[in-house]
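Quick note, the sequences are listed as chains G and S, same order. Residue 10 is where the first sequence starts when you use the working numbering, and the numbers rise one by one after that. Residue 304 is where the second sequence starts when you use the working numbering, and the numbers rise one by one after that. For each residue, glycine too, the CB sits at the ideal point set by N, CA and C.
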Amino acid sequence: MAGGEVAPTLTAEQLERHFADIAPPLTPDAALLEAAKCLFCYDAPCTHACPTHIDVPAFIKKIATGNLKGSARVILGANPMGHSCARACPVEVLCEGACVLNDRDEQPIKIALLQRHATDYALEHELTLFQPGTPTGKTVAIVGAGPAGLSCAQDLRRWGHAVTVFEAKEQPGGLNTYGIAEYKLRPDVALAEVQMILDLGVTLHTGVAVGRDVGFDQLEREFDAVFVGVGLGATRRLGIPGEDLPGVHEALEFIEHLKTHPYAETSVGRHVVVIGAGNTAIDAVTQAKRLGAERATIVYRRAADDMPAYDYEYDLAKRDGCEFRFHTAPKRILGVDHVTGIECVRTEPGARGADGRRHPMDVPESTHVIECDMVIKALGQVARDDFARAASLTIEDGRMISTTSGVFVGGDCANGGAEIVNAAAEGKHAAAAIHAYLQQTGG
Amino acid sequence: MADLRVNFAGVESPNPFWLASGPPTNTYDQVARAFDAGWGGAVWKTIGEPIINVFSRYGSVDVGLTRMMGFNNIELITDRPLEDNLREIAEVKRNYPHHAVIVSLMVESKREAWHEIVRRSEDAGADGLELNFGCPHGMSERGMGSAVGQVPDYTCQIVEWVKEVATTPVIVKLTPNVTDVTYIARAAVKGGADALSLINTINSIVGVDLETFAPLPAVGGKSSHGGYCGPAVKPIALHMVSAVARDPEVRVPISGIGGIATWRDAAEFIALGAATVQVCTAVMHYGFRIVEDLLDGLENWMDEQGHRTLTDVRGRALPNVVSWEDLDLNYHLVARIDQDKCIQCDLCWVACEDGAHQAIRRIDRREADNGRRGPAVEIIEEACVGCNLCAAVCPVHGCIAMVQVPNDHPGVTWRDYVAGKGTLAPRSEHFHTATWSPRG
Chain G
10 MAGGEVAPTL TAEQLERHFA DIAPPLTPDA ALLEAAKCLF CYDAPCTHAC PTHIDVPAFI
70 KKIATGNLKG SARVILGANP MGHSCARACP VEVLCEGACV LNDRDEQPIK IALLQRHATD
130 YALEHELTLF QPGTPTGKTV AIVGAGPAGL SCAQDLRRWG HAVTVFEAKE QPGGLNTYGI
190 AEYKLRPDVA LAEVQMILDL GVTLHTGVAV GRDVGFDQLE REFDAVFVGV GLGATRRLGI
250 PGEDLPGVHE ALEFIEHLKT HPYAETSVGR HVVVIGAGNT AIDAVTQAKR LGAERATIVY
310 RRAADDMPAY DYEYDLAKRD GCEFRFHTAP KRILGVDHVT GIECVRTEPG ARGADGRRHP
370 MDVPESTHVI ECDMVIKALG QVARDDFARA ASLTIEDGRM ISTTSGVFVG GDCANGGAEI
430 VNAAAEGKHA AAAIHAYLQQ TGG
Chain S
304 MADLRVNFAG VESPNPFWLA SGPPTNTYDQ VARAFDAGWG GAVWKTIGEP IINVFSRYGS
364 VDVGLTRMMG FNNIELITDR PLEDNLREIA EVKRNYPHHA VIVSLMVESK REAWHEIVRR
424 SEDAGADGLE LNFGCPHGMS ERGMGSAVGQ VPDYTCQIVE WVKEVATTPV IVKLTPNVTD
484 VTYIARAAVK GGADALSLIN TINSIVGVDL ETFAPLPAVG GKSSHGGYCG PAVKPIALHM
544 VSAVARDPEV RVPISGIGGI ATWRDAAEFI ALGAATVQVC TAVMHYGFRI VEDLLDGLEN
604 WMDEQGHRTL TDVRGRALPN VVSWEDLDLN YHLVARIDQD KCIQCDLCWV ACEDGAHQAI
664 RRIDRREADN GRRGPAVEII EEACVGCNLC AAVCPVHGCI AMVQVPNDHP GVTWRDYVAG
724 KGTLAPRSEH FHTATWSPRG
């Protein structure tokens, strides 16, 4: 098999269908019916399950009474990323998983779709839901315009602090803009949500990398506080021969390319192999399939039950016709000018490691080759040591920590990589801590 | 931002949402928590000579998945000592000086008894008094509650006694268990009432246990008629509020009560003339927290509609409440079915065919263009009388629209038509349409 074969490009109509909303919005009638089913629990489990503790029964009640503006305000006040979360949150393990109707052997309330219904209304009508607070004269620099930084910015502005955000990329939004599967969240939608926050009077500098274009020490000197929400760094390396061959890509780069170009401009091989089995790996394998790959295969060295990906993501990939090779470890990427395959061995569970998981052991005499034209590595990302050094921050267990007075961290860089909703919650917690800090430091 | 403040017959309130007299206003702790949650006022659970209550007091009418669509009770007035209530009322007033605290009163029909309870309530700091002439159960058998409120002379007499000593506004709470509430309203105003509140609960039995034949709510296998309330009674209350608000002999502020659960309900009461609204059942169902959306929803609606204050809204629907004989007979309405939305349940067809005016045609699906997805029903426009029944039964919101069909006949009311003025536009062709000629 010759390397580098490219799958035929699908028609525009096929591509549009493949990347359309995976969960279409509720009609107004369906939203009213669904809202009417909510029991309006007191001290509700769904609210507890949400890291940002959106008052779910309150916003659903407001949909039922026709108060959509009030509903959107409840959502976006608690979670400035409430719209992208409605589309991309793992609700099965959060709010909807906690719904009391599950215990009555019923389907849970469709909280995500209701949340989208209310926030769609706010975005479509360009509602002004919040006002900036009375100016305090205090200034805060935010490094990184991702979900954590923007959530932090919203609350700081509502308290009246001046906020300047520095973003290395050309567009704000972080992974909401560049890294969520296209069928869940499109960049224009992510940017519309960002705009609501910017409209509170946030100064945004894009294309400005702190550490390269402006020194971190300069921010510390010129602002009363600094929030660091820089996310994670490069994808982990496999550390096997052939890793740098043409045709080997990083999952986030692949997804970003897809999301920043017309669909037809992202070509995929006839057979695409994705290494890793987290949620990003699923995003990569399904989108490769939806771009037209004839086969798209996940290679994972442990068992299906060990996959970090959520169950419904696994189901989605299976429905898309993706293949899974469990207990399979890549040893060498084959090819001369381009990838032609991966040499793998089979594995079996060995002794338990420090993390309690059984370490996969190579099975002797099990070497085999999976032929492919494209390899996508989805092995998780490493912490940003470079940034940490430049900013005098420490990294422990892959998490960035600040011990500097007036410097706060949150989001993926602080939690090692989690959901949008976790980043939003941490951004808000940081805003509260910064607000308290600025009040203590006086005028 | 809309301004929700209200001055109700001299009682200042930060917003129009008051707790009605009932279980939620039984103690200091409840009222304080309610004010903390955002309620503008509270009418204290009726005080008087303490009574003894029975066990099992409430009955619920559930409709499908909706719990407590209607609700009834056989609970009486407060069973707490008068001194405890008065001490707690004073405490609430001390800690919440800007909220409206109204004390509901019911004592035996003796002048001295009323004088004493009025003085003691006002000494405790009540902003106003609400005379409970409405409870339909328990107290009425003792000559109080609706036993007073059903007789105009008694109503007038007791209001007069109260007004002899009262220095705060006196609100009379009316019972709906009368043939025409306006007679009682006029009697209360004649006696000197500063304001009215309505409706109190409606006489009811919520059901019967078919194994024990005990009426519900059962007390050892027996029950008594009780007071009905909850969302089910809202239309009755809206009518009575509008009737009192339109009555030229009743020119006092009205506090609307009856099935209010959402800001929309409240807005409707205000549009029909209420200055404040009182809520009980919805709080008994969901807690004081519901006031947050009552306030938020009403404010957002007023902002969107450009209403600055509640007086901009109050009574706005009243001019549109008219006698039947003043309705336009030439206003022609027909149903239209959106075939793209129709799910082919045929409920509209059977409702119209058996229950109304035989104006829907059922189409054999085998003959339809598109197999099962062809139209199943269609309106026979020449037979349709525009009654709304099909739209009411249709389970798909917006599938059946009621559409006005213009005609070139000027409007004509029954009043004009029988006086020989105006002509009727052609009516729907219906087999029992009467031909009728005006006299003279």
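query                                                                                                             : result
Beta-bridge partners of ILE284(G), as assigned by DSSP                                                            : VAL308(G), LYS386(G)
Short Cβ contact (9 Å threshold) for ALA172(G) with ALA162(G)                                                     : Reading off the sequence shown, one finds Val at residue 172(G), where the question assumed Ala. In contact: VAL172(G) and ALA162(G) (Cβ atoms closer than 9 Å).
Cβ of VAL100(G) within 9 Å of any chain S Cβ                                                                      : no
Endpoints, alpha helix (DSSP H) assigned at PHE68(G)                                                              : 65-73
Any chain G beta carbon closer than 9 Å to ALA671(S)                                                              : The predicted position of ALA671(S) is uncertain, since its pLDDT is 49 and thus under 50; no value can be drawn from it.
Residues of the region 99-119 of chain G whose Cβ lies closer than 9 Å to any Cβ of chain S, in chain order       : none
Chain G within 9 Å of TRP604(S), Cβ atoms only                                                                    : yes
9 Å Cβ cutoff met for ALA728(S) and LEU692(S)                                                                     : no
Beta-carbon proximity of ARG617(S) to ILE573(S), cut-off 9 Å                                                      : yes
Classification of THR726(S) by the beta-carbon crowding that lies within 10 angstroms, buried from 16 upward      : exposed
Three-pair Cβ contact test at 8 Å for the region 339-346 of chain G versus the region 251-262 of chain G          : yes
Among CYS459(S), ALA517(S), THR515(S), the one whose alpha carbon lies nearest that of GLY495(S)                  : CYS459(S)
DSSP three-state assignment for GLN449(G), whether helix, strand or coil                                          : helix
Same chain, Cβ closer than 6 Å to ILE410(G), five either side skipped, listed in chain order                      : THR403
Start-to-end residues for the beta strand (DSSP E) that takes in TRP321(S)                                        : 320-322
Runs of beta strand (DSSP E) wholly within the region 483-508 of chain S (minimum 3 residues, chain order)        : 498-501, 505-507
Contact list for THR565(S) against chain G, beta-carbon separation under 7 Å                                      : THR74
Strand pairing of PRO358(G), partner residues [DSSP]                                                              : PRO369(G)
Whole-Å CB distance - ALA87(G) paired with HIS126(G), under 8 Å assumed                                           : ALA87(G) to HIS126(G), Cβ: 16 Å. No contact.
Option in TYR51(G), THR186(G), ALA95(G) with minimal Cα separation from ASP129(G)                                 : ALA95(G)
Within-9 Å CB hit, HIS700(S) to chain G                                                                           : yes
9 Å Cβ cutoff, LYS178(G) in contact with chain S                                                                  : no
Below-9 Å beta-carbon distance, ILE573(S) vs any chain G residue                                                  : no
Cβ-Cβ separation, LEU597(S) to TRP566(S) (assumed contact under 8 Å), whole Å                                     : 5 Å
Contact residues within the region 52-67 of chain G, judged by C-beta distance below 8 Å to chain S               : ALA67
Per-residue burial, MET304(S) [other beta carbons within 10 Å of its own, 16 or more giving buried]               : exposed
Any 3 or more C-beta pairs closer than 8 Å across the region 412-419 of chain G and the region 431-442 of chain G : yes
Short CB-CB distance (under 9 Å) between ASP38(G) and chain S                                                     : yes
ALA671(S) versus GLN608(S): straight-line alpha-carbon distance, rounded                                          : Because ALA671(S) carries a pLDDT of 49, less than 50, the predicted location of this residue cannot be relied on, and the following value inherits that uncertainty. Each residue's alpha carbon lies about 45 Å from the other.
For PHE572(S), the three-state DSSP class (helix, strand or coil)                                                 : helix
For GLY313(S), three-class secondary structure by DSSP                                                            : coil
Delimiting residues of the beta strand (DSSP E) encompassing PHE417(G)                                            : 416-418
Spatially closest choice to MET312(S) from LYS396(S), ALA577(S), ILE420(S), by CA coordinates                     : According to the sequence as given, residue 312(S) is Ala; it is not Met. Checking every option, the nearest Cα to that of ALA312(S) belongs to ALA577(S).
Exposed unless 16 or more other CB atoms sit within 10 angstroms - verdict on LEU159(G)                           : buried
With 16 other Cβ atoms within 10 Å as the buried cut-off, status of ARG554(S)                                     : exposed
Cβ pair count under 8 Å reaching 3, the region 275-286 of chain G against the region 299-315 of chain G           : yes
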